[in-house]
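Be aware that the sequence shown starts at 1, since it is given in the UniProt record's numbering, and climbs by one per residue.
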Amino acid sequence: MARRRLSEAIRWQIIGMHATGASFKAIGRQLGYHYTVISRLVRKHRQTGAVKDRPQSGRHRVTSEREDRALLRIIRCEPFSTSTVLKRAWLPNRHLSTRTVQNRLKAAGMAARRVIKRPRLTDDHKRRRLAWCLAQQRWNLRTWRRIHWSDESRFLLHVTDGRLRVWRHRNTAYTPRNIRQTVPFGGGSVMVWGCISHDCKLDLVTIRGNLTGDQYMRHVLEPVVVTHFDNHPLATRPVYMDDNARPHRSRAVVDYLQNNAVTTLPWPAMSPDLNPLEHVWNILGRRIQAMQPPVQTLRELEAALHREWLQVTREQIRRLTGGMRRRVDAVIRARGGFTRY
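Pasting the structure below:
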């Protein structure tokens with residue numbers, strides 16, 4: 001924790017309070033400082049007659065406050081720049097170290113943090129997202145609970161995290177214990193389809209190979225979706241949501257859903273933050289990575305995904321689907337832009 005510096009006005013106030021007979025502890029309690037801080041200040045005043053800090057040793061600052069503000073203007077325009085690039089753009093004719101750049105940014109309360117990744121949004125995407133949310137803004141839970149949210153997700157056998165760091169000594173980068181072994185393309189992957197609603201969770205389906213419209217109908221819609229929807233009376237039939245992936249929007253799939261009286265929810269492109277199922281995939285991914293011992297084969301990964309899917313509780317799903325109004329409001333506040341979901 002950074003030490004609080006005493007302003008010159010506070011220092012003279014302390015000297016005045018002590019001159020009136022107040023004790024060190026009484027002054028400290030009143031002003032919120034430890035009594036040893038008060039005693040050191042009074043002792044300094046007795047010895048020097050002043051309350052300012054004495055000149056300290058160390059190198060002089062090589063940049064002025066005006067130059068520091070110029071650095072902050074650069075970082076606001078180019079937030080993804082490295083300290084080396086910033087050093088060249090900041091004061092190109094001055095010999096500075098990257099540590100100086102880092103110290104100035106740190107003093108301004110800035111630090112290098114994890115980048116949040118989101119799909120690229122064009123102006124048209126933002127307009128469509130905003131229009132969709134405005135149309136659904138007044139939906140209540142009774143309406144939202146009819147929506148069946150579906151999605152596909154691909155899980156790697158060996159997840160590679162580019163942010164991984166290792167604590168080591170200098171010149172020990174190639175020591176075997178400091179090397180993270182990887183395999184091409186994550187060692188393979190398993191693609192699954194899932195569907196949830198406020199009141200139910202359909203069976204998880206493994207997708208073999210790349211998903212096509214024909215495969216989507218034969219392995220997902222016909223055995224799972226249509227069968228489930230047929231169990232509901234026509235008046236209270238659910239509404240099916242899938243995104244705008246090509247297999248979902250093929251002519252054969254659209255005709256098949258219409259012929260089986262499955263009503264679909266129009267969906268704005270590039271809107272994973274509006275689908276609560278994305279958070280279920282995140283739950284499954286964290287659980288798979290935390291497994292000990294870790295899965296070693298694609299067959300084990302597939303079995304683990306189906307097992308963890310069954311462990312997702314109705315309470316967890318309802319917390320996600322019950323927050324749809326908050327998601328919609330967040331997109332409206334962002335005028336169709338990015339949200340925290």
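Using N, Cα and C, we set each Cβ at its ideal position, and we do this for glycine too.
**OP:** Taking I38 as the reference, give the member of T100, A22, G109 with the closest Cα.
**Re:** Checked all of T100, A22, G109; the closest Cα to I38 is A22.
Original post:
Thinking just about the alpha-carbon of each residue, which of R165, T206, I116 is nearest to the one in P153?
Top reply: First, the amino acid is wrong: residue 153 is Ser here, not Pro. Selected option, being the one with the closest Cα: T206.
Original post:
How many angstroms separate the CA atom of W132 from the CA atom of T339?
Top reply: Each residue's alpha carbon lies about 15 Å from the other.
**OP:** Look at F229 and V190 and say whether their C-beta atoms are less than 8 Å apart.
**Re:** no
Original post:
Looking at I332 and L130, is the spacing between their C-beta atoms short of 8 Å?
Top reply: yes
Original post:
What first and last residue would you give for the alpha helix (DSSP H) that runs through Y256?
Top reply: 251 to 259
Original post:
Straight-line CA distance for A19 to L164?
Top reply: 58 Å
Original post:
Just to confirm, are I283 and A304 a CB contact at a threshold of 8 Å?
Top reply: no
Subject >> Three or more C-beta pairs below 8 Å linking the segment 265 to 282 and the segment 230 to 238 >> reply: no
Original post:
So L277 and S150 are in contact, right, with Cβ under 8 Å, and what is the actual spacing, rounded?
Top reply: 7 Å
Subject >> Spatially closest choice to T297 from V183, I196, P92, by CA coordinates >> reply: V183
**OP:** With distances taken Cα to Cα, identify the nearest neighbour of D242 among N259, S197, N210.
**Re:** S197
Original post:
R114: buried (16+ other C-beta within 10 angstroms of its C-beta) or exposed?
Top reply: exposed
Original post:
Under 8 Å between the Cβ atoms of L96 and V62?
Top reply: Judged by their CB atoms, L96 and V62 are nearer to each other than the 8 Å cut-off.
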